[in-house]
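Beneath this line is the structure, given in structure tokens, with notes to follow.
Residue numbers (UniProt numbering): 1 to 361.
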């Protein structure tokens, strides 16, 4: 049999199948009936409860009647399993699914003033509060849909005006329940002409909420980065101040990092740089290279003479050896000058002694 045939029953269908999640309890008929209509329509069995599929003649016991009777019994079982046990007892002896459906409609579809009062009161006191905008909209829309089940639809020529008035009322109710954080988008919606429907207004509210969340996250990330940077700078400054070098007695580094200990110049005998980096050497080393080299040799000789002089004061033998070494190091011109100076000293001493002797006589 073709699956589009109303008499077709899927292999997975069985009499104990529960079509709707919530059973009929007498107070939830509007929502229960809508759910049942959707479920039976999906299974292509809605004609068995609204009267569009009539029962074939039972007299001839035709094959079509057998198919109809099987589907009718299946739907009867679905209906009785979709209501509370106390309600199922009242329809257990019904012959057709249409009869059961009309019995439930007659009992529970009348206007229920307490239910309408409860819904209207919930709508009047409903506000967003701590709920997200999406949760608030879902809750208020559920109340609207529930209230609609208790209302009688107007005639066709009044339907358009009724729908427009209903949408405007719902829009105002939705905007009144929003928190003050949505005051800007609420004002913009009220200034639109024509007014948007409630779904369009909800979309604008969600866009505004998303934009504010993005701005909040950006500000929060900036604050976190600034705090982390401040903490890093404080840590670096504190770490820098805690360092002390015992070699140069300065702060900001340790003895392992000390530049004066790492670098020593053999040219100027100073710390903090090498001979290649020495400013004194680079400044003096040039066209006067030979003269500077001679000066350094003379300075070296003077230091050596000073060292030998100190040694001669402590040892006569060392003094004699030093004198001999110094004499060997004098040039010929210096030796001649030294000889003339000694002769002059000798002449002065001789004349001085003669005067002394003459005076004594």
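The C-beta atom is built at its ideal place from N, Cα and C for all residues, glycine as well.
In this text, all values refer to a predicted model and were calculated from it rather than measured experimentally.
Sub-8 Å separation of residue i and residue j beta-carbons
i	j	result
residue 51	residue 108	no
residue 81	residue 18	yes
residue 77	residue 6	no
residue 98	residue 48	yes
residue 41	residue 72	no
residue 116	residue 150	yes
residue 363	residue 119	Since the first and last residues shown for the chain are 1 and 361, residue 363 lies out of range.
residue 365	residue 146	The question about residue 365 has no answer here: the residues shown for the chain are numbered 1 through 361.
residue 100	residue 24	no
residue 265	residue 245	no
residue 1	residue 20	no
residue 128	residue 179	yes
residue 202	residue 137	yes
residue 267	residue 257	no
residue 164	residue 198	no
residue 185	residue 208	yes
Residue i (DSSP reduced to helix, strand or coil)
i	result
residue 19	coil
residue 212	helix
residue 290	Bear in mind that a pLDDT of 46 at residue 290, under 50, signals an unreliable position, so the number given afterwards is only what the model happens to contain. Three-state DSSP puts residue 290 in a helix.
residue 316	At residue 316, the pLDDT of 45 sits below 50, so the modelled position is not reliable and the matter cannot be decided from this model.
residue 270	strand
residue 8	coil
residue 377	Examination of residue 377 is not possible in this model, given that the chain is present from 1 through 361 alone.
residue 151	coil
residue 276	coil
residue 145	helix
residue 130	coil
residue 52	coil
residue 333	helix
residue 92	coil
residue 343	helix
residue 282	helix
residue 195	coil
residue 57	coil
residue 2	coil
residue 46	coil
residue 328	Confidence is the limiting factor: at residue 328 the pLDDT is only 49, short of 50, which leaves the residue's position unreliable, though a coordinate-based value still follows. Residue 328: helix per DSSP, three-state reduction.
residue 321	Residue placement at residue 321 is poorly supported in this model, since its pLDDT is 43, which falls under 50; the coordinates are not used for a value here.
Range covered by the alpha helix (DSSP H) that runs through residue i
i	result
residue 80	63-81
residue 170	159-176
residue 114	113-125
residue 99	97-108
residue 36	29-42
residue 189	183-190
Counterpart residues of residue i in DSSP-defined beta bridges
i	result
residue 250	245
residue 24	83
residue 264	271
CB-CB length for residue i against residue j, believed under 8 Å
i	j	result
residue 206	residue 133	6 Å
residue 171	residue 195	6 Å
residue 91	residue 103	6 Å
Residue i beta carbon near the ligand ZN (any heavy atom closer than 7 Å)
i	result
residue 64	In the structure shown, the ligand ZN is absent, as is every other ligand, since no ligand is present at all.
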